[in-house]
Amino acid sequence: MSLPTENLALAVRQAVAEGLLGEEHPVAGFVDVQGVRGTVAALHEAFAQVPDVLHAFAAKACPLVPVLRLLADAGMGCEVASPGELRLALDAGFAPARIVLDSPAKTRQEIREALALGVALNADNLAELDRIDALRPADCASVIGLRVNPQVGGGSIGAMSTATAHSKFGVALRDPGMRARVVEAFARRPWLTRLHAHVGSQGCPLPLIAEGLTAVHRLAEEIDAHVGHRQITSLDLGGGLPVNFADDMVTPTYAEYVAALTAVEPALLDGRYQVVTEFGRSLIAKNGFTAARVEYVKDAGGRRVALTHAGGQVATRTVFMPDAWPLRVTAYGPDGAPKDTPLLPQDVAGPLCFAGDVVAHERPLPELAEGDLVVLHDTGGYYFSAHWSYNSLPRPAVYGCLVRDGRVAFTTIRSAQTVREISAESGLAHADALLTGRATPSLR
Ligand SMILES: *Cc1c(COP(=O)(O)O)cnc(C)c1O
202 MSLPTENLAL
212 AVRQAVAEGL
222 LGEEHPVAGF
232 VDVQGVRGTV
242 AALHEAFAQV
252 PDVLHAFAAK
262 ACPLVPVLRL
272 LADAGMGCEV
282 ASPGELRLAL
292 DAGFAPARIV
302 LDSPAKTRQE
312 IREALALGVA
322 LNADNLAELD
332 RIDALRPADC
342 ASVIGLRVNP
352 QVGGGSIGAM
362 STATAHSKFG
372 VALRDPGMRA
382 RVVEAFARRP
392 WLTRLHAHVG
402 SQGCPLPLIA
412 EGLTAVHRLA
422 EEIDAHVGHR
432 QITSLDLGGG
442 LPVNFADDMV
452 TPTYAEYVAA
462 LTAVEPALLD
472 GRYQVVTEFG
482 RSLIAKNGFT
492 AARVEYVKDA
502 GGRRVALTHA
512 GGQVATRTVF
522 MPDAWPLRVT
532 AYGPDGAPKD
542 TPLLPQDVAG
552 PLCFAGDVVA
562 HERPLPELAE
572 GDLVVLHDTG
582 GYYFSAHWSY
592 NSLPRPAVYG
602 CLVRDGRVAF
612 TTIRSAQTVR
622 EISAESGLAH
632 ADALLTGRAT
642 PSLR
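Read in this note's numbering, the sequence shown has 222 at position 21, and its numbers run on one by one without any break.
Here you go:
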C-alpha cells in the first residue's frame with residue numbers, strides 16, 4: 202500500500218516547506234504510518250482462518266524503535282537475529298513471548314539470555330541443540346524450534362535464496378541421513394516443539410515457497426508419527442514474500458500467499474498447528490520512501506549525470522546489484538512540486554567516492570537541475586534503515602508521515618546523525634591510542 206501518488210507529492214512538498222528537506226538536509230527517509238497499519242491489517246486478514254497465529258516482523262527490514270513499536274501496537278510480534286535486534290524489540294515493547302530469535306550463530310550467552318527472558322528461539326543446527334541441552338533452565342518458558350532447509354532451490358537473486366542445496370541456513374533436510382537425524386533429535390527432546398523454515402526471499406516465486414513449506418509440514422507429521430503423539434505444536438513459516446518494485450501495485454498479496462500454500466498443502470493452515478510468520482520486506486518496503494536533493498548536474502561521455510545525496514549509503518543493494526534491486530525514481534522541483542517536463546535519460550548518482558554509486562542508470566526522467574529533489578520509491582525496508590557508513594556519511598533523519606485532512610503531519614522517527622556522533626563511533630575516545638610514547642603499555 203504505498204503512499205498514493207498525490208499524497209506522496211503532498212508529503213514531499215510539505216517536507217520542503219517545513220525544512221525537513223533542502224540545502225541543509227539533503228536526504229531523508231519517510232515512513233507512511235497509515236500504510237504500515239493497512240499492510241498489517243491485510244496480513245491479519247489473509248490469515249484470519251488460522252485460529253492461532255503470531256505474525257512476527259523481521260526486525261532487520263526496519264530496525265527503528267518507533268516503527269517496531271507501531272508494529273507491536275498493530276498486533277505484531279518480532280523476529281530478531283542479533284543481540285542488537287533483540288534489544289530494539291524489547292525497547293519497542295514486544296513481550297518476550299512474542300519475540301522469535303533466529304540468529305544463525307548464537308553464542309552460549311545469547312542462548313542463555315533468550316531462554317531466561319522466555320523469548321522463542323529457533324536453533325539453526327544440531328550442534329546448537331546440543332548447546333541448548335546444556336543451557337536450558339528447568340522452568341524454561343521459551344518455545345524452542347529447529348530451522349530446517351528444505352533445499353527446494355533458489356529464486357532469481359542468488360544472495361537472497363535461503364533454500365538452496367548449499368545454503369548456510371538451517372539443517373539441510375535432503376542431505377543423506379539428515380532427515381532421520383532430525384527426527385531423532387526431536388524424539389530425544391520433548392521440549393523441542395517447533396519447526397522453522399524461511400524459504401526466501403526477494404526473487405523467490407510463491408510456488409517455490411509453498412514447496413519448501415510443504416516439506417516442513419510433512420516433516421512435522423513424520424516427527425509426530427515417530428514419537429507417537431503431538432509433539433510439534435507450531436510451524437514457523439518464515440517470511441520472504443517478494444515485493445513489486447516496478448509500480449504501486451502490491452503483488453503478490455498476502456491473500457495470494459495463503460492461497461498458494463493451501464493449494465498445495467491444505468492441511469498446513471488448517472489450525473492443527475499454531476503458525477508463526479516472519480515477514481519483513483513485504484510489510485514495510487512500499488510504506489517508505491527516500492527523498493534527496495540534486496546537488497549538481499553534469500555531462501560525461503554524452504550522458505547526463507545528476508549528483509544527489511542518496512547513493513550507496515542508503516541504497517547499498519541497488520548500487521551493487523542494480524539489476525536485482527531496481528528502484529523507481531521520480532523528480533520534483535526545489536519546492537517539492539512534481540516535475541513534468543520532457544523525459545531525458547539520466548544517471549541518478551549518489552555522494553560516495555565510489556564509481557558504482559549510481560541508483561539509476563540512463564533513467565528517463567524530467568531534466569534534473571541543481572536544487573531539484575528525487576524520490577526513491579519503496580525504500581521502507583532494508584534501505585534508509587540499513588545504513589552503510591562508507592565515506593563516513595551520516596545516517597539520514599527518518600520521519601513518520603500521517604496524511605490528515607489533506608495535510609501531512611510529520612514526526613521524527615530517527616534524528617540525522619551528526620558529524621560529532623560519527624567521530625565518536627569512529628574511535629574518538631581512543632584518539633591517542635596509536636601514538637608512541639602515549640600508547641597503551643603493550644605498544645611501547
Ligand atoms: C530476513 C529474514 C526474514 C524476513 O525476510 P523478508 O524477505 O524481509 O520477508 C524472515 N525470517 C528470517 C529467518 C530471515 O532471515
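Backbone N, C-alpha and C define an ideal beta-carbon position, used for all residues, glycine too.
Is A218 buried or exposed, if buried means 16 or more other CB atoms sit within 10 Å of its CB? Counting from one through the sequence shown, the residue named residue 218 turns up at place 17. In summary, A218 is exposed, with fewer than 16 beta-carbon neighbours lying within 10 Å of its beta-carbon over all protein chains present.
Output the distance between the C-alpha atoms of T613 and L635, rounded to the nearest integer angstrom. Translated into positions along the sequence shown, residue 613 becomes position 412. Translated into positions along the sequence shown, residue 635 becomes position 434. Roughly 39 Å separates the two Cα atoms.
Over the uninterrupted beta strand (DSSP E) stretch that includes Q547, give me the two end residues. Your numbering for residue 547 matches position 346 in the sequence shown. Counting along the chain, the beta strand (DSSP E) containing Q547 begins and ends at L544 to A550.
Specify which residues have a beta carbon nearer than 5 Å to any heavy atom of ligand 1, listing them in chain order. Listed by position in the chain, the residues whose beta carbon lies within less than 5 Å of some heavy atom of ligand 1 are A259, A262, D303, H399, G401, S402, G439, G440, G441, E479, F480, G481 and R482.
Do three or more CB pairs link the stretch 484-491 to the stretch 577-591 at distances below 8 Å? Result yes; three or more Cβ-Cβ pairs closer than 8 Å.
Identify the continuous alpha helix (DSSP H) that holds P408 and give its terminal residues. Position 207 of the sequence shown, counted from the first residue, corresponds to residue 408. Note, P408: alpha helix (DSSP H), L407 to V428.
I think A571 touches V498, with their Cβ atoms under 8 Å apart; what is that distance to the nearest whole Å? Counting from 1 along the sequence shown, the entry for residue 571 is found at position 370. Counting from 1 along the sequence shown, the entry for residue 498 is found at position 297. Sequence check: residue 571 is Glu here, not Ala. Rounded, the Cβ-Cβ distance is 7 Å, consistent with contact.
Pick from G601, P408, A416 and Y474: whose alpha carbon is nearest that of A464? Residue mapping note: residue 464 aligns to position 263 of the sequence shown, counting from 1. Taking A464 as reference, the option from G601, P408, A416 and Y474 with the minimal CA-CA separation is P408.
So what's V520 in DSSP terms, helix, strand or just coil? Locating residue 520 in the sequence shown gives position 319, counting from the first residue. V520: helix per DSSP, three-state reduction.
If I measure Cβ to Cβ from G294 and keep anything under 7 Å in the same chain, skipping five residues before and after, which residues do I get? Taking the sequence shown and counting its residues from 1, the one referred to as residue 294 is at position 93. Contacts found: R270 and A273.
Suppose contacts are defined by Cβ-Cβ distances below 9 Å. Is L265 in contact with R518 by that definition? Against the sequence shown, residue 265 aligns to sequence position 64. Against the sequence shown, residue 518 aligns to sequence position 317. No, the Cβ-Cβ distance between L265 and R518 is not below 9 Å.
Between A317 and the rest of its own chain, which residues show a CB-CB distance below 8 Å, the 5 nearest in sequence each way excluded? Counting from one through the sequence shown, the residue named residue 317 turns up at place 116. So the list reads P338, once near-sequence residues are dropped.
Taking Cβ to Cβ, would you say P406 is nearer than 9 Å to P351? One-based indexing of the sequence shown puts residue 406 at position 205. One-based indexing of the sequence shown puts residue 351 at position 150. If you check the CB distance, P406 and P351 do not come in under 9 Å.
Enumerate in chain order the residues of its own chain whose CB-to-CB distance from H418 is below 6 Å, with the five nearest sequence positions on each side excluded. Here residue 418 refers to the residue found at position 217 of the sequence shown. The answer, listed in chain order, is E466 and L469.
Select from E311, S593 and C554 the residue whose C-alpha is nearest the C-alpha of S619. Reading the sequence shown from its first residue, position 418 is the one you call residue 619. Looking at the sequence provided, one finds Thr at residue 619 rather than Ser. The candidate whose alpha carbon is nearest that of T619 is S593.
Quick one: complete beta strand (DSSP E) runs, 3+ long, within the stretch 354-401? With a minimum length of 3 residues, the unbroken runs of beta strand (DSSP E) contained wholly in the stretch 354-401 fall at 393-397.
My output table needs one value for E515: the three-state DSSP class, helix, strand or coil. Indexing the sequence shown from 1 puts residue 515 at position 314. According to the sequence shown, residue 515 is Val rather than Glu. Coil.
What is the DSSP secondary structure of V495, counted as helix, strand or coil? As a first step, residue 495 is located in the sequence shown; it is residue number 294 there, counting from the start. If DSSP states are grouped into helix, strand and coil, V495 belongs with the strands.
To the nearest angstrom, how far is the alpha carbon of V560 from that of G513? Here residue 560 refers to the residue found at position 359 of the sequence shown. Here residue 513 refers to the residue found at position 312 of the sequence shown. The alpha-carbon atoms of V560 and G513 are separated by roughly 8 Å.
Decide if the stretch 544-553 is in contact with the stretch 499-513; the criterion is three or more beta carbon pairs, one per stretch, under 8 Å apart. In the pairwise beta carbon analysis, the stretch 544-553 is classified as touching the stretch 499-513: at least three pairs are separated by under 8 Å.
G615 in three-state terms, based on DSSP: On the sequence shown, position 414 is the one that residue 615 refers to. Note that residue 615 is Arg in the sequence shown, not Gly. Strand.
Based on Cα-Cα distance, which residue from L436, V344 and M361 lies nearest to V254? Position 53 of the sequence shown, counting from 1, holds the residue named residue 254. Looking at the Cα atoms, L436 is the closest of the given residues.
By DSSP, does V444 sit in helix, in strand, or in coil? What you label residue 444 is simply residue 243 of the sequence shown in a count that begins at 1. V444 falls in the coil class under three-state DSSP.
Do the CB positions of R608 and Q235 come within less than 9 Å of each other? As a working mapping, residue 608 is identified with position 407 in the sequence shown. As a working mapping, residue 235 is identified with position 34 in the sequence shown. Cβ atoms of R608 and Q235: not closer than 9 Å.
Helix, strand or coil at A486 [DSSP, three-state]: As a first step, residue 486 must be located in the sequence shown, where it is residue number 285. Helix at A486.
Starting from the C-beta of L347, find all residues in its chain whose C-beta is less than 6 Å away, skip the five residues before and the five after it, and write them out in chain order. For the purposes of this step, residue 347 is taken as the residue at position 146 of the sequence shown. Excluding positions up to five away in sequence, the list reads A324.
Helix, strand or coil at A556 according to DSSP, with G and I counted as helix: As a working note, residue 556 is residue 355 in the sequence shown. For A556, the secondary structure class from DSSP, reduced to helix, strand or coil, is coil.
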